[in-house]
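Comments concern the structure below.
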Amino acid sequence: MNDETHSKALSRRRMMQMAGAAAAGIGLPLATHNSAAADLIPKASTPGTSPGDVFSENALMSDVETMTSFGWRRPGSPAVRDAARWVRESFEQSGLQTHTEEWDFDVYYPSVWHAKVTNAASPAPASPAPALPWETNSYPIWYTSAGQVEAEVVHVGAGTARDFDRVDVRGKIAMVESVYLINVMNTDGMLDAYESAVAHGAVGYIRTADAPNNLTRLTHGKGIDKNTFRQRKEASIPGLVLGSDDFNAIRTALGGGPVTMSLEIRTENPPFGGTRSVTGGSLGPGTHELRAVMEDVVGVLPGVSDEIVLIGAHYDSTYGGAMDNGTGVAGMLALMRHYAAKARSERPRTLVFLAAGGHDCGDFDLTHFMQTHLEDMLPRVITFAWLDHLAAAGTIRVTQSSVDIPTGLDEIRGVLGSFNPVLLNLVLQECVQNGVVPPIPLPIKSSLARVPDFVPSFDITTAHSRYHTIEDTIDRIPPASLRQMTLVLRDVVDALHTVDSDLIRNAQPVGGDGNSTPVRGAVRGCC
1 MNDETHSKAL SRRRMMQMAG AAAAGIGLPL ATHNSAAADL IPKASTPGTS PGDVFSENAL
61 MSDVETMTSF GWRRPGSPAV RDAARWVRES FEQSGLQTHT EEWDFDVYYP SVWHAKVTNA
121 ASPAPASPAP ALPWETNSYP IWYTSAGQVE AEVVHVGAGT ARDFDRVDVR GKIAMVESVY
181 LINVMNTDGM LDAYESAVAH GAVGYIRTAD APNNLTRLTH GKGIDKNTFR QRKEASIPGL
241 VLGSDDFNAI RTALGGGPVT MSLEIRTENP PFGGTRSVTG GSLGPGTHEL RAVMEDVVGV
301 LPGVSDEIVL IGAHYDSTYG GAMDNGTGVA GMLALMRHYA AKARSERPRT LVFLAAGGHD
361 CGDFDLTHFM QTHLEDMLPR VITFAWLDHL AAAGTIRVTQ SSVDIPTGLD EIRGVLGSFN
421 PVLLNLVLQE CVQNGVVPPI PLPIKSSLAR VPDFVPSFDI TTAHSRYHTI EDTIDRIPPA
481 SLRQMTLVLR DVVDALHTVD SDLIRNAQPV GGDGNSTPVR GAVRGCC
């Protein structure tokens with residue numbers, strides 16, 4: 001068992017060209033004088049307008065630091081309870097109508113895990129070669145089965161349907177490559193590779209973390225029932241994430257002949273229908289409730305109209321979570337304080353702020369909120385803005401290696417969600433106005449898969465290469481970038497206060513989910 005261990009600003013013209021290229025590539029209108037839709041959107045605020053202290057780099061980074069000071073904000077932990085309380089108090093101090101909505105679910109608690117190479121015809125490329133059995137740096141994929149298995153390893157490429165058709169994985173451990181697109185969306189999750197391995201008779205599953213420094217990532221499978229929030233009981237197999245260096249060594253060894261591995265996961269679980277507490281261990285310091293009670297903290301700023309702009313961020317984390325999601329919470333709180341300081345008459349629409357729990361453990365934070373408010377709130381929501389990792393220092397990294405070179409630039413961004421062309425147009429426009437390289441429009445929902453189809457939504461997201469690892473630390477967040485992105489969001493919300501709501505609603509995609517992608521399972525591509 002292993003321990004879990006600007007440059008020069010782009011010219012306005014160049015950024016407009018980049019925005020145009022991104023929009024044209026997917027058939028979207030660009031916010032120019034030639035765009036009829038863009039003419040109906042209020043003009044962007046003047047760059048350089050004084051943002052006030054709440055948008056200062058110091059204020060934003062102070063909130064990120066507060067979030068990280070709580071520790072690993074995993075479900076059921078003292079740290080996550082402290083974070084929820086702090087956000088709730090922040091809402092109350094600004095005068096919001098505040099309440100919490102509690103819900104509970106089964107926490108995955110691995111107490112022991114191993115991923116060992118027990119036999120190899122060709123040793124791993126190390127000097128000296130490690131003695132067998134060789135323990136890799138690994139971490140369980142949450143909600144995969146506990147158990148122990150020893151079997152031959154077979155490489156199944158990227159884990160596509162075609163890969164599983166050509167490789168016989170029956171009785172073997174499936175080894176799958178995974179690449180994190182824009183450092184956020186893992187390809188094996190998008191392809192449902194774990195589920196395919198189970199369906200094709202594999203007895204174990206390993207995938208690469210695709211992270212530098214042989215780090216592992218906390219990731220999760222689909223083992224939670226989204227109606228009962230209980231761990232599913234149907235058969236599955238042990239699944240583990242391996243550090244990229246160790247994964248690559250095993251792949252190299254396979255070139256010299258068969259490789260056998262032993263996988264083991266032991267978990268502690270609450271009794272069905274009951275609760276259980278554990279102290280310390282893989283969830284971090286303190287006493288943890290394995291039937292975790294999570295809080296969605298909701299704050300309301302009434303406006304002139306009862307139409308709603310919903311702004312949300314999750315406050316839980318895998319590890320210290322500076323970027324994911326200290327930055328999102330900091331941005332949300334800055335927006336909340338900015339609009340709370342205004343008179344109600346200056347808020348044409350009602351603002352609802354949602355601090356959600358239970359995100360990084362299984363992506364079902366929004367499930368509870370959306371189910372609860374399907375009829376009373378969501379029909380009045382003209383846009384849902386999800387704030388999830390707003391800023392990250394950019395690097396160049398050779399995939400499947402530990403080479404990780406800082407660029408001095410922001411990490412690349414993507415915009416996800418309901419692929420509403422009016423919203424996308426607005427986001428691109430405000431990025432350009434604030435000197436932010438426009439994000440790449442990606443036609444997938446990711447976390448916003450839980451949002452009903454009739455609710456327009458967007459998520460401008462980014463991530464550094466340490467996403468979901470123990471090295472997601474505050475020093476990897478560029479303060480100026482966080483400020484810029486928060487100002488973009490402020491200007492988007494300002495525009496949403498006055499834009500014709502029918503314009504947005506009528507632009508919402510129809511047919512199916514309106515957010516489909518040709519890649520199966522992409523709704524879970526974030527974890």
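Start counting the sequence shown at 1; every next residue gets the next number (the UniProt record's numbering). Here a beta-carbon is modelled for each residue, glycine too, at the ideal position from N, C-alpha and C. Nothing here was measured: the structure is a model prediction, and the numbers come from that model.
Based on the DSSP secondary-structure assignment, which residues constitute the bridge partners of residue i?
i, result
"T260", "N119, E152"
"R88", "In DSSP, R88 forms no bridge with anything."
"S457", "F384"
"E101", "D296"
"H314", "A356"
"V309", "L351, T383"
"H114", "E264"
"H220", "W142"
"P441", "V415"
"G147", "I265"
"D106", "R291"
If you reduce the DSSP assignment to three classes, tell me which class residue i lands in.
i, result
"W72", "coil"
"Q484", "helix"
"P47", "Bear in mind that the predicted position of P47 carries a pLDDT of just 36, short of 50, making it too unreliable to give a figure here."
"E471", "coil"
"E268", "strand"
"N137", "coil"
"V510", "coil"
"D168", "coil"
"residue 528", "Because the chain here runs from 1 to 527, residue 528 falls outside it and cannot be looked at."
"E177", "coil"
"A292", "strand"
"V96", "According to the sequence displayed, residue 96 carries Leu and not Val. Coil, per DSSP."
"L242", "strand"
"T279", "strand"
"T66", "helix"
"T208", "strand"
"P479", "helix"
"L489", "helix"
"S446", "helix"
"T187", "helix"
"D53", "helix"
"H464", "coil"
"T287", "strand"
"A202", "coil"
"L215", "coil"
"P302", "coil"
"Y194", "helix"
Residue i and residue j: beta carbons closer than 8 Å?
i, j, result
"S282", "Y467", "no"
"residue 540", "N214", "The structure shown has nothing for residue 540, since the chain only spans 1 to 527."
"E101", "V300", "no"
"V198", "I141", "no"
"M323", "A392", "yes"
"A131", "V156", "no"
"D104", "A292", "yes"
"G159", "L191", "yes"
"I308", "T350", "yes"
"L60", "P479", "yes"
"S418", "S481", "no"
"L448", "V415", "no"
"L423", "T383", "yes"
"G303", "R347", "yes"
"S77", "G284", "yes"
"C431", "P439", "yes"
"R380", "D306", "yes"
"L426", "A356", "no"
Hey, residue i and residue j are a contact pair by Cβ (cut 8 Å); roughly how many whole angstroms apart?
i, j, result
"T469", "R217", "5 Å"
"V203", "K222", "Rounded, the Cβ-Cβ distance is 19 Å, inconsistent with contact."
"V488", "V436", "6 Å"
"H314", "H359", "4 Å"
"T136", "V117", "7 Å"
"F247", "T287", "With 8 Å as the limit, F247 and T287 do not qualify as a contact, their Cβ atoms being about 34 Å apart."
"T290", "V107", "It should be noted that the sequence gives Leu, not Thr, for residue 290. Yes, L290 and V107 are in contact; Cβ-Cβ is about 5 Å, under 8 Å."
"W86", "S317", "About 14 Å separates the two Cβ atoms, so there is no contact after all."
"S122", "A253", "5 Å"
"D296", "H368", "7 Å"
"G257", "T68", "About 46 Å separates the two Cβ atoms, so there is no contact after all."
"G394", "E411", "4 Å"
"I477", "V64", "6 Å"
"H338", "R490", "6 Å"
Next item on the list: Please specify which runs of the alpha helix (DSSP H), each continuous and at least 4 residues long, are wholly inside the stretch 343-421, giving them in chain order.
Entry: 365-372
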